[in-house]
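Residue numbering for the sequence shown follows the UniProt record's numbering, beginning at 1 and increasing consecutively.
Below is one structure, written out as structure tokens, with a few remarks after it.
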Amino acid sequence: MAMGKATDDPVARYFPDCHGAVLALAARDPAFSDMCQELRDVDGALTHLVERHDAAQAERLSECQGWIERLRNEMQEALAQAKIVPLRPAPRLRDP
């Protein structure tokens, strides 16, 4: 997955406080890596729509914004889940 410089990477813009964690999770989780690429693609489409200033594309613009918000939420949830460290059950104590 090509990440680019943090300044030009939409993923870094959407996750500025945890970009390192995003990179680490993307490196080990193909599904999360796909979400990062999808976010880049949708952000590119959104940028293109905004630059065109085409009022007829308002519905598409809204669709892209909603898509980005859903991806961000899903990615935040994946990042939170990745921080959970499973613990082994405590050993059972024997009765004396």
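Where a beta carbon is used, it is the ideal one built from N, C-alpha and C, also for glycine.
Given the structure is predicted, the values throughout are model-derived calculations rather than measurements.
task = Evaluate Ala26 with the Cβ neighbour count: other Cβ atoms within 10 Å of its Cβ, from every protein chain shown; 16 or more gives buried, anything less gives exposed.
result = Ala26 should be labelled buried.
request  = With DSSP as the reference, label Asp9 as helix, strand or coil.
outcome  = The answer is coil: DSSP assigns Asp9 none of H, G, I, E or B.
query = Measuring CA to CA, which of Cys64, Asp54, Cys36 is closest to Phe15?
reply = Residue Cys36 is the option with its Cα nearest to Phe15.
message = Is the beta carbon of Leu61 closer than 8 Å to that of Leu39?
response = Going by C-beta atoms, Leu39 is not nearer than 8 Å to Leu61.
ask   = Nearest to Lys83 by alpha carbon, out of Val22, Pro10, Arg13?
value = Residue nearest to Lys83 within the set Val22, Pro10, Arg13 is Val22 (criterion: CA-CA distance).
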